[in-house]
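First the structure, in the form of structure tokens, and then the observations on it.
2 protein chains.
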Amino acid sequence: MLKRERQAFILHRLNLHNKVLSVDLCKEIGVSEDTIRRDLQELSDAGRLIKVHGGALSMAFSEVKFAPLNVYSRAHKAIIAKKALRLIEDGMFVLTSGGTTILELVRNLPMNLRATIMTGSVPVINACIAYPKIDVVVVGDKLSKDSKLTVGVDAVEQISRVNAGLCFLGTNALDMEHGLTDNDREVVQVKKAMVNASAKVVCMTIAEKLQTYQPMQVCGLKKINYLVTELDPNDRILRPFIDAGITVI
Amino acid sequence: MLKRERQAFILHRLNLHNKVLSVDLCKEIGVSEDTIRRDLQELSDAGRLIKVHGGALSMAFSEVKFAPLNVYSRAHKAIIAKKALRLIEDGMFVLTSGGTTILELVRNLPMNLRATIMTGSVPVINACIAYPKIDVVVVGDKLSKDSKLTVGVDAVEQISRVNAGLCFLGTNALDMEHGLTDNDREVVQVKKAMVNASAKVVCMTIAEKLQTYQPMQVCGLKKINYLVTELDPNDRILRPFIDAGITVI
DNA sequence: CAGGTTCTTGCGTTTTTTTGCGGGAATTAT
DNA sequence: ATAATTCCCGCAAAAAAACGCAAGAACCTG
Chain C
79 MLKRERQAFI
89 LHRLNLHNKV
99 LSVDLCKEIG
109 VSEDTIRRDL
119 QELSDAGRLI
129 KVHGGALSMA
139 FSEVKFAPLN
149 VYSRAHKAII
159 AKKALRLIED
169 GMFVLTSGGT
179 TILELVRNLP
189 MNLRATIMTG
199 SVPVINACIA
209 YPKIDVVVVG
219 DKLSKDSKLT
229 VGVDAVEQIS
239 RVNAGLCFLG
249 TNALDMEHGL
259 TDNDREVVQV
269 KKAMVNASAK
279 VVCMTIAEKL
289 QTYQPMQVCG
299 LKKINYLVTE
309 LDPNDRILRP
319 FIDAGITVI
Chain F
79 MLKRERQAFI
89 LHRLNLHNKV
99 LSVDLCKEIG
109 VSEDTIRRDL
119 QELSDAGRLI
129 KVHGGALSMA
139 FSEVKFAPLN
149 VYSRAHKAII
159 AKKALRLIED
169 GMFVLTSGGT
179 TILELVRNLP
189 MNLRATIMTG
199 SVPVINACIA
209 YPKIDVVVVG
219 DKLSKDSKLT
229 VGVDAVEQIS
239 RVNAGLCFLG
249 TNALDMEHGL
259 TDNDREVVQV
269 KKAMVNASAK
279 VVCMTIAEKL
289 QTYQPMQVCG
299 LKKINYLVTE
309 LDPNDRILRP
319 FIDAGITVI
């Protein structure tokens, strides 16, 4: 096998699997590891792949998985935010949890919107301060450093005293069997209270989190009124949720 | 699984759920905890996540945007903050109001200090999040856009339920005749509640605000235990306060 | 075609990377 | 306070990479 052939083979393999191991390659092609290593080095120098200890990764892999974190799924979340905005009417009383999706929603609020937002999420509070016509009601109690959200019995109690028109929930995991689930006990308590205190519940999530689940349940699917994802509402992935009676946007 | 793959997996997981536990990761991936820990360390060094005891947190919404640094008399306020720090003991429960002087105090807290800080000031909450060993208790209620402080009967009620060891008050005006005074009705209510809920009250202020007064009284001089200014405690301006029984630092 | 040059490849050795493990320190939970 | 985790450090083994070298193939050139 010629050098060129070999390198083409490697690239082809890389497009299929996004990764190759030097060990596998040298067995399959029947050359020494040094040769493979030199091939990988050359291809790496030419910018066709990313050499790592033990083999190589495709450029696609690195772009997708190692994209700058602060823009991870940001575009998706902006789409979700814009769609969810339609649900907010002037003068509404809105409850929100935390999370980057919710934060994106708040950052996309129209400047002239008049509403009351009740939340225990510190980033959301920070974002809300910028809006002159929005009344912010802070949920007080112990601040969870992980989620940057106030949690605890006091928080639950304060939430249970209100009657919100709408509740936006950042979603950690959502599937048909377990409903809306999360991994932090205290956060689950707060979210539960929010669901019970609201006329309508809106779940906002990137599609990637659909059909996954976490250890603790916030609520069953029946309590969820709207599901907002970045996908087209007709996407087949969303079909089961529509069938379950959820309005998918 | 290659090292890079593993790290990509961790980052991906982190972006989905905002938090990962080393224990979970090493089970799922099938490597030792040390390996996971080293991965987390490397990713942390690269600034791609925040390592914490037991796992890691997503970088997504820990964008620490520092409030304006061009605060009036910042140097003076830093001196005041350093002096006031001496009053805080390990394990204390501390109440604080808002204001740039208080904020300066929080920013000068020692990293290893263990304490509980209860406050309704959004900037103070933001600053406190950075300290891993500080428990933050948020006072909830309506957020006043002017003072970035929660105010209202609920806030007052929550404050009145605690017994704090120390209360730091940002000071708007202080004089012999009217005591501690302020100009915002709702803020005054909150501050009153804080004074009543604390064993010791600390007023922090630049000397410029001494011997001035505002329309509404928070409390009389008798309730104030400590006065912290940028001046030397022996300064003659501070004499009357010492004579009134206040410990001047 | 002879002779020299360049390229490619494999081998042995050295160096680096990665990983797991044990024990003690530190931190957290009970 | 005490117990249980988790973390940190150094070590050692295994795997992989880098390096120099030399044999052979391919390629040019006169």
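Taken in sequence, the protein lines are chains C and F.
Quick note: the first sequence uses the working numbering, first residue 79, plus one each step.
Quick note: the second sequence uses the working numbering, first residue 79, plus one each step.
Note that beta-carbon positions come from the ideal geometry of N, C-alpha and C, so glycine has one too.
Sub-9 Å separation of residue i and residue j beta-carbons
i	j	result
Leu258(C)	Val296(C)	yes
Gln292(C)	His95(F)	yes
Ala134(C)	Val98(C)	yes
Val306(C)	Val265(C)	no
Leu173(F)	Met196(F)	yes
Lys161(C)	Ile324(C)	no
Leu185(C)	Asp168(C)	The question names Leu, but residue 185(C) is Arg in the sequence shown. No. Outside cutoff.
Met137(C)	Arg152(C)	no
Gly218(C)	Ser199(C)	no
Leu252(C)	Thr194(C)	no
Leu187(C)	Leu165(C)	no
With 16 other Cβ atoms within 10 Å as the buried cut-off, status of residue i
i	result
Ala159(C)	buried
Gln236(F)	buried
Pro210(C)	exposed
Asp262(C)	buried
Gly248(F)	buried
Arg82(F)	buried
Pro201(C)	buried
Asp355(F)	The requested residue 355(F) does not occur in the structure, where chain F is confined to residues 79 to 327.
Val231(C)	exposed
Tyr304(F)	buried
His90(C)	exposed
Gly298(C)	exposed
Ala277(F)	exposed
Asp313(F)	exposed
Met272(C)	buried
Asp123(F)	exposed
Ala300(C)	Residue 300(C) is actually Lys in this sequence, not Ala. Counting Cβ neighbours within 10 Å, Lys300(C) comes out exposed, since fewer than 16 surround it.
Ser238(C)	exposed
Met294(C)	buried
Ala86(C)	exposed
Ile315(C)	exposed
Asn93(F)	buried
From the options, residue whose alpha carbon lies closest to that of residue i
i	options	result
Leu309(F)	Thr283(F), Ser225(F), Gly243(F), Gly298(F)	Thr283(F)
Met335(F)	Leu92(F), Asn93(F), Leu103(F)	In this structure chain F extends from 79 to 327, so residue 335(F) is not present and cannot be described.
Glu111(C)	Ser136(C), Arg84(C), Phe171(C), Ala285(C)	Arg84(C)
Met189(F)	Val231(F), Ala205(F), Gly177(F), Met254(F)	Ala205(F)
Leu183(C)	Glu286(C), Cys245(C), Met272(C), Lys226(C)	Cys245(C)
Ala275(F)	Leu221(F), Phe171(F), Pro311(F), Ala156(F)	Phe171(F)
Glu286(F)	Asn250(F), Ala242(F), Ser199(F)	Asn250(F)
Pro311(C)	Ile157(C), Val130(C), Leu92(C), Ile114(C)	Ile157(C)
Asp213(C)	Lys220(C), Ile203(C), Lys269(C), Ser222(C)	Ile203(C)
Ser175(C)	Ala233(C), Ala86(C), Ala208(C)	Ala233(C)
Ala208(F)	Leu221(C), Phe139(C), Lys269(C)	Leu221(C)
Gly132(C)	Val229(C), Asp260(C), Ile114(C)	Ile114(C)
Leu227(F)	Lys269(F), Arg116(F), Leu288(F), Asn241(F)	Lys269(F)
The segment 303-321 of chain C / the segment 96-107 of chain F touching (three or more Cβ pairs under 8 Å):
no
Between the segment 215-229 of chain C and chain F, which residues of the former have CB atoms less than 8 Å from a CB of the latter, in chain order?
Under the 8 Å Cβ criterion, the segment 215-229 of chain C contributes Val215, Val216, Val217, Gly218, Asp219, Lys220, Leu221, Lys223, Asp224, Ser225, Lys226, Thr228.
Please list the residues of the segment 121-141 of chain C that have a C-beta atom closer than 7 Å to any C-beta atom in chain F, keeping them in chain order.
Val130, His131, Gly132, Gly133, Leu135
What residues in the segment 230-250 of chain F bring their beta carbon closer than 8 Å to a beta carbon of chain C?
Closer than 8 Å at the C-beta level to chain C, one finds these residues of the segment 230-250 of chain F: Asp232, Ala233, Gln236.
Taking a Cβ distance cut-off of 8 Å, strictly less, list which residues of the segment 94-125 of chain F are near chain C, in chain order.
Leu94, His95, Asn96, Lys97
Taking a Cβ distance cut-off of 8 Å, strictly less, list which residues of the segment 186-201 of chain F are near chain C, in chain order.
Gly198, Val200
Residues in the segment 262-293 of chain C with C-beta within 7 Å of chain F's C-beta atoms, listed in sequence order?
Glu286, Lys287
At a Cβ cut of 9 Å, what residues of the segment 81-92 of chain F count as close to chain C, listed as they run along the chain?
Taken in chain order, the members of the segment 81-92 of chain F whose beta-carbon sits within less than 9 Å of a beta-carbon on chain C are Lys81, Arg82, Glu83, Gln85, Ala86, Phe87, Leu89, His90, Leu92.
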